[in-house]
Amino acid sequence: MTTVNPYLSFNDNCEEAFNFYKSVFGGEFIQMVRFKDVPSEQAMPEGEGDKIMHVSLPIGQGTILMASDTPEASER
Numbered sequence: 000m001t002t003v004n005p006y007l008s009f010n011d012n013c014e015e016a017f018n019f020y021k022s023v024f025g026g027e028f029i030q031m032v033r034f035k036d037v038p039s040e041q042a043m044p045e046g047e048g049d050k051i052m053h054v055s056l057p058i059g060q061g062t063i064l065m066a067s068d069t070p071e072a073s074e075r
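Residues in the sequence shown are numbered from 0 upward in steps of one, following numbering that gives the first Met the number 0.
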């Protein structure tokens with residue numbers, strides 16, 4: 000059986016979007032990691048720490064919807 004596990008990129012609204020998807024599809028997040036949760040040798044710009052580095056939500060049999068916020072330094 001073939002499955003698709005989409006990975007979406009957001010500009011600062013990943014958590015909001017995934018809370019909506021959770022309300023639609025039900026279930027629980029498998030993982031939600033913020034940038035501030037991961038050690039880094041580089042200084043993090045103000046406000047970046049609360050952005051989502053990775054989130055995953057099962058939305059069907061064998062299908063997991065995943066996403067992250069795009070770090071400011073990577074935008075455009």
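A virtual CB, placed ideally from N, CA and C, is assigned to each residue, including glycine.
What three-state label does DSSP hand serine 67 in the structure shown?
strand
Figure out for me which residue from Phe34, Ser22, Ser67 and Asp11 has the closest Cα to the Cα of valine 54.
Ser67
Just checking my contact of phenylalanine 9 with threonine 62 at CB under 8 Å: how many whole Å lie between their CB atoms?
Going by Cβ atoms, the distance from phenylalanine 9 to threonine 62 rounds to 19 Å, so no, they are not a contact pair.
Under the three-state DSSP convention, the category valine 23 falls into
helix
Let me confirm a value: isoleucine 29 is counted as buried when at least 16 other C-beta atoms fall within 10 Å, else exposed. Which label applies?
exposed
Do the CB positions of glutamate 45 and lysine 35 come within less than 9 Å of each other?
no
Under 6 Å Cβ to Cβ from threonine 2, same chain only, skipping five residues before and after it: list those, please.
Gly61 and Thr62
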